[in-house]
Amino acid sequence: MGSALKAQDAEAQFFAPNYRALVPEIFQGLSVPPSYTPNLVIGSGFGGAITALRLAQAGQPVTIVERGFRWPNNPWRPIFSNDTLPDGRAFWFRRSARMIAGNTAYMDSFGGIVDATEYPTMTAWRAACVGGGSLVFTGVMIQPRQAYFDALFGGVVPYAELDRVYYPRVRQMLRLSPMPADVYATQAFGHSREWDRQVAAAGYTPSRIDSIFNWDVVRAETRLASRPSATVGASNHGNSNGAKFDLNQNYLRYAEATGRARIFPGFEILAIGQSGGRYVVQGLLRSPDGRQLATQTIACDRLFLAAGSIGTSNLLVKARATRSLPNLNEHIGAGWGTNGDVLVVRSLGRITGLTEGTPSASMIHETAAGLPVTLENWYVPGVPLNISIIPSLGMVFDQSNRGTFAYDPGSGGVTLDWAPNGNADALAACRKVNNRIATASNTIPGAVPFIGDVSGMNWTAHPLGGAVIGKATDGYGRVIGQPGLYVMDGALLPGSAGAVNPSLTISALAERNIEAIVARGG
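Here the sequence shown stands for residues 1 to 522, numbered as in the UniProt record's numbering.
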């Protein structure tokens with residue numbers, strides 16, 4: 001086995017692309033952040049980008065550090081790896097990765113845009129790039145139902161406030177809209193139309209869902225006015241032509257345009273603490289090929305954690321255990337969940353169209369499957385052609401199964417305590433819905449022997465929790481016991497977003513919280 005893995009690794013290295021020639025931009029402009037900044041934001045995903053913009057608009061200097069690199073867009077260049085044969089641009093310093101469809105891919109080690117973080121009982125996919133999850137998600141942004149939201153947040157965050165002010169604000173900033181009829185009618189979305197037909201046969205009424213995709217770019221692909229991307233199964237590892245209206249095209253761009261915000265890619269924060277009345281962080285600057293270029297200690301008056309659920313939790317759990325931040329409470333690291341993510345598959349349906357487009361067109365919701373289930377029309381990651389496999393992304397409202405992060409003094413790292421069968425209830429609920437649809441539509445659950453009917457027992461693309469709002473923080477993300485320290489990302493959500501994709505709620509919370517922080521001076 002060892003010799004086989006070495007041979008596969010050697011083959012991956014031999015066929016590795018010349019990344020410096022393909023994407024020279026990510027090697028350029030790498031520099032060490034200043035040793036002091038009034039406001040430091042760790043991470044450039046939804047929470048970090050929103051925080052940076054609102055601070056800058058309030059006249060405050062802000063430094064944003066991001067461990068990943070700044071990837072450009074171009075309508076014709078292959079900026080990113082594809083999902084079918086991923087290379088080093090796809091994953092964050094890995095030589096192999098278990099793909100969503102179940103196969104194992106091999107690649108050369110490079111600073112790609114998805115970090116497949118592995119624990120003994122769970123693998124979580126998370127972003128590693130400027131713009132964070134906005135580059136690697138499927139673009140769906142849905143508001144949860146109030147009943148689920150209230151059950152999750154327990155009155156700490158008023159649903160009416162987000163519904164009235166902050167959800168609409170994010171929708172406007174990100175230009176969210178459902179898939180237009182003319183795009184839906186193209187060959188690339190024949191699988192979406194077939195998905196709608198199948199769920200309708202089972203008595204469901206599919207509803208259109210808001211997306212961050214730029215439909216004009218998608219239309220350009222259909223006219224051959226752009227290199228195909230969103231219409232040929234590209235999404236999880238980036239859209240080279242900028243088909244997603246990602247954060248580099250809005251919040252981050254607007255923040256930099258103020259002249260008060262600066263982004264430092266390639267700089268990873270390793271530890272946080274306090275000294276001399278300020279927060280102090282230690283970080284490492286590296287190049288996309290993994291070379292360590294410099295280290296730097298940064299002092300700041302206010303520290304905003306937006307490194308994602310896992311990144312933020314790691315920093316806080318380590319800081320509490322090593323007593324670099326001794327006042328952190330017992331809720332740090334707790335309340336982690338998978339958002340109930342499940343990959344759901346049927347096969348042997350009608351084939352309409354040649355390729356599988358990646359934007360999601362529609363969804364259904366079921367409350368009589370043991371647990372509430374949302375299924376979204378999806379594509380098969382890594383399979384750009386329409387071969388009669390009809391997938392869904394399932395998200396189950398499961399309030400029972402949660403994990404906890406803990407510090408490992410032996411390795412100096414942070415581990416995740418998650419039950420091996422922690423997603424079993426979510427899989428069972430999705431299976432009930434999928435079987436109903438398959439029976440009614442004369443299709444087959446799964447795509448044996450390639451993909452099972454439901455999968456995701458030990459995988460998530462939506463890691464949430466670890467610094468839950470109202471427990472580890474106050475109702476606005478201020479970390480309890482640590483004035484001037486804030487959590488602004490998915491770590492605030494208690495393991496679930498309420499049977500929907502979490503990005504809209506993460507963004508709305510960030511808008512709400514930073515508005516209050518700026519208004520009250522902290």
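Beta carbons: idealized from backbone N, C-alpha and C, even for Gly. Bear in mind the structure is a predicted one, so any value in this text is a computation, not a measurement.
Contact check, G403 vs L427 under 8 angstroms by CB: the rounded distance?
In fact, because the Cβ distance is near 16 angstroms, the residues do not count as touching under 8 angstroms.
Sorted by chain position, which residues of the same chain lie with C-beta nearer than 6 angstroms to R512's C-beta, five sequence neighbours on each side aside?
Y166
Starting from R286, trace the beta strand (DSSP E) both ways and give me its first and last residue.
278-286
Determine the direct distance from the alpha carbon of A508 to that of R175, and round the result to whole angstroms.
14 angstroms
Three Cβ pairs or more, each shorter than 8 angstroms: is that satisfied between the segment 251-271 and the segment 47-57?
yes
Excluding the 5 residues preceding and the 5 following G283 in the sequence, name in chain order all residues of the same chain whose CB lies nearer than 8 angstroms to its CB.
P33, V65, F267, E268, I269, L270, T295, Q296, T297, I298
Could you check whether A447 and T358 sit closer than 7 angstroms to each other, using their CB atoms as the reference points?
For T358 and A447, no; Cβs fall outside 7 angstroms.
Is the Cβ-Cβ distance between I79 and S240 less than 7 angstroms?
Going by beta carbons, I79 and S240 fall inside the 7 angstroms limit.
Can you tell me which residues form a DSSP beta bridge with L85?
Partner(s): none; L85 has no beta bridge.
Taking its Cβ as the centre, do 16 or more other Cβ atoms sit within 10 Å of I506, making it buried, or is it exposed?
buried
Leaving out the 5 sequence neighbours to the left and right, which residues in its chain are closer than 7 angstroms to D150 when beta-carbon positions are compared?
Y159
Taking just the CA atoms, how far does R70 sit from I113?
10 angstroms
How should R126 be labelled, buried or exposed, when 16 other C-beta atoms within 10 angstroms of its C-beta is the threshold for buried?
buried
Mapping DSSP to helix, strand and coil, what is V65?
V65: strand per DSSP, three-state reduction.
Whose CA, out of S324, D210, K244, A200, lies closest to the CA of E221?
E221 has its Cα closest to that of K244, out of S324, D210, K244, A200.
Report the three-state DSSP secondary structure of K432 (helix, strand or coil).
helix
Thinking C-beta only, is G131 closer than 7 angstroms to E246?
In the sequence as displayed, the identity of residue 246 is Asp instead of Glu. It is a contact, given that the beta carbons lie within the stated cut-off.
So for P372, helix, strand or coil by DSSP?
In the displayed model, P372 falls within coil according to three-state DSSP, outside both helix and strand.
Report yes if the CB atom of residue 523 is closer than 7 angstroms to the CB atom of D87, and no otherwise.
Any property of residue 523 remains undetermined from this structure, which presents the chain solely from 1 to 522.
In this structure, what does DSSP give as the bridge partners for K244?
F213
Under 8 angstroms by Cβ, that's how I've got S192 and A361 pegged, so tell me the actual separation to the nearest angstrom.
4 angstroms
Kindly provide the ranges of any alpha helix (DSSP H) runs that are 4 or more residues long and lie completely inside the segment 418-475, ordered along the chain.
Counting only runs of 4 or more, we get 424-441.
Express the C-alpha separation of M395 and L371 in angstroms, rounding to a whole number.
Taking the straight line from one Cα to the other gives about 10 angstroms.
Count the other CB atoms, across all protein chains shown, that sit within 10 Å of the CB of Q143; report buried if there are 16 or more and exposed otherwise.
buried
Is there contact between the segment 405-419 and the segment 350-357, where contact requires at least three CB pairs shorter than 8 angstroms?
No, they do not touch.
Less than 7 angstroms between the beta carbons of L343 and Q482, yes or no?
Judged by beta-carbon spacing, Q482 lies beyond the 7 angstroms limit of L343, meaning their Cβ atoms are not closer than that value.
Can you round the beta-carbon distance between I437 and V156 to whole angstroms, since I take them to be within the 8 angstroms contact cut?
Not quite, the Cβ-Cβ distance comes to about 36 angstroms (not below 8 angstroms), so this is no contact.
Of all Cβ atoms in chain B, is any one closer than 7 angstroms to the Cβ of N377?
No chain B appears in this structure, which consists of one protein chain only.
Keeping to the same chain, check which residues put their C-beta closer than 7 angstroms to that of A461; ignore five residues upstream and five downstream.
Cβ neighbours of A461 beyond the five flanking positions: W125, D341.
In angstroms with no decimal places, state the Cα-to-Cα distance between S226 and P445.
In this structure, the CA atom of S226 is about 36 angstroms from the CA atom of P445.
Hey, how far is the Cα of S392 from the Cα of L135?
20 angstroms
Where does the unbroken beta strand (DSSP E) through V345 begin, and where does it stop?
Per DSSP, V345 belongs to the beta strand (DSSP E) from 341-347.
Using the Cβ count rule (16 or more neighbours within 10 Å means buried), how would you classify T355?
buried
Distance check for G452 and T84, CA to CA, integer angstroms please.
The C-alpha of G452 is placed about 19 angstroms away from the C-alpha of T84.
Please specify which runs of the alpha helix (DSSP H), each continuous and at least 4 residues long, are wholly inside the segment 160-198, giving them in chain order.
167-174, 181-184
Measure the Cβ-Cβ separation of A334 and G47 and say whether it is below 7 angstroms.
no
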